[in-house]
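Here the sequence shown stands for residues 1 to 277, numbered as in the UniProt record's numbering. Here is the structure we will look at.
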Amino acid sequence: MRVPFHFQGGPSVANVGPLAATVQDLALAYAVLGGADPDQPLSVCQPPPFVLPPSTPPSLAGLRVGVFSAYVEGSDPQIKSAFWDTVAYLRELGATVVEVEIPHLQALHLSHSITILTEISLLMDAQPQHLFSPDVQIALALGQETLDSMDFLAAQKVRAYAMEATDDLFGQVDVFVTPTSATLAPRLENDVFKAGLSELSLTTALMRYIILGNMVGIPGLSVPIGFADESNLPISLQLQAKHWNEHVLIDLARTLEARAPTKKPTLYFSILEPSSA
Numbered sequence: 001m002r003v004p005f006h007f008q009g010g011p012s013v014a015n016v017g018p019l020a021a022t023v024q025d026l027a028l029a030y031a032v033l034g035g036a037d038p039d040q041p042l043s044v045c046q047p048p049p050f051v052l053p054p055s056t057p058p059s060l061a062g063l064r065v066g067v068f069s070a071y072v073e074g075s076d077p078q079i080k081s082a083f084w085d086t087v088a089y090l091r092e093l094g095a096t097v098v099e100v101e102i103p104h105l106q107a108l109h110l111s112h113s114i115t116i117l118t119e120i121s122l123l124m125d126a127q128p129q130h131l132f133s134p135d136v137q138i139a140l141a142l143g144q145e146t147l148d149s150m151d152f153l154a155a156q157k158v159r160a161y162a163m164e165a166t167d168d169l170f171g172q173v174d175v176f177v178t179p180t181s182a183t184l185a186p187r188l189e190n191d192v193f194k195a196g197l198s199e200l201s202l203t204t205a206l207m208r209y210i211i212l213g214n215m216v217g218i219p220g221l222s223v224p225i226g227f228a229d230e231s232n233l234p235i236s237l238q239l240q241a242k243h244w245n246e247h248v249l250i251d252l253a254r255t256l257e258a259r260a261p262t263k264k265p266t267l268y269f270s271i272l273e274p275s276s277a
């Protein structure tokens with residue numbers, strides 16, 4: 001647990017981290033929030049967080065960047081195009097791009113789903129069900145009515161395999177890169193805010209690339225790399241590294257941010273400037 005937290009969530013899958021408009025802001029927030037907390041035993045055994053100073057000009061010489069081509073194929077065409085364009089840019093800066101493979105991904109996805117459903121269902125079991133929207137009630141029912149302790153135990157055995165697979169992965173590379181999600185941000189119709197949204201294919205696409213990191217607890221960072229042609233929706237790259245190597249991700253994110261700066265949102269409020277209203 002790099003950033004300690006004090007809220008209820010899935011005991012083994014809930015994590016928190018900084019969300020910022022720039023990589024430098026994120027690095028500052030991480031330096032403040034990260035580290036051991038004596039009130040959180042799971043956070044005590046960790047090296048102190050640190051951030052590397054920016055390198056000028058940027059050089060990625062010696063950095064091994066892992067890509068799993070078949071995994072990326074499940075993405076929206078515009079996301080795939082932006083992904084491979086960014087990988088080519090990393091290679092131009094001196095990074096060594098390494099083709100890797102994560103065996104038995106389908107089993108990992110299933111194990112992750114079972115773990116989340118059972119942990120959240122157990123946590124929410126004592127809460128009045130009528131307070132949840134229909135989509136949440138459906139998800140909780142899947143965990144409460146269709147899964148048992150043997151399913152959860154089997155999922156944790158697969159999780160142990162995922163830990164070994166991750167160790168093997170970062171024996172080959174320093175950073176593993178994927179799209180952040182397999183689909184662009186979906187448009188939500190007004191009825192979603194009343195009834196919720198239960199669409200398994202969409203959920204799967206949105207969560208496609210977080211599975212490994214969420215199961216084994218490795219650090220991850222998402223950085224914008226472009227915008228979709230017609231919708232102008234953002235496209236981003238997910239960077240992952242071995243445990244306690246957040247500084248490697250932040251350093252690489254700085255390089256990517258300089259190439260594809262973000263745009264100010266259409267609806268924007270500054271928390272630092274006086275309101276004009």
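Positions of the beta carbon are idealized from the N, C-alpha and C atoms, including for glycine. No experiment lies behind these values; they were computed from the predicted model shown.
* So, helix, strand or coil for Gln-238, using DSSP? -> strand
* Inspect the beta-carbon positions of Val-72 and Phe-83 and report whether they are closer than 9 angstroms. => yes
* Asked: Would you call the CB atoms of Leu-153 and Thr-255 closer than 9 angstroms?
  -> no
* Of all the options Pro-38, Ala-20, Ile-235, Asp-37, which has the alpha carbon lying nearest to the alpha carbon of Tyr-30? -> Ala-20
* **Segment limits, beta strand (DSSP E) that includes Val-248** => Premise fails: Val-248 lies in the alpha helix (DSSP H), 246-259, not in any beta strand (DSSP E).
* Who are the Cβ neighbours of Gln-78 in its own chain at under 6 angstroms, not counting the five residues just before and after it? -> Ala-228
* Using CA coordinates, which residue listed in Val-177, Leu-90, Ser-121 is at the minimum distance from Ala-139? -> Ser-121
* Asked: The alpha helix (DSSP H) spanning Ile-138 covers which residue range?
  -> 134-146
* Asked: Does the Cβ of Glu-145 have 16 or more other Cβ atoms within 10 Å, making it buried, or fewer, making it exposed?
  -> exposed
* How many angstroms separate the CA atom of Leu-105 from the CA atom of Leu-233? -> 28 angstroms
* Asked: Starting from Glu-164 and walking both ways along the alpha helix (DSSP H), at which residues does that stretch end?
  -> 149-172
* To do: Could you work out which residue in Trp-244, Arg-187, Ile-271 is closest to Pro-47 when comparing CA atoms only?
  => Trp-244
* Segment limits, beta strand (DSSP E) that includes Arg-64 -> 64-67
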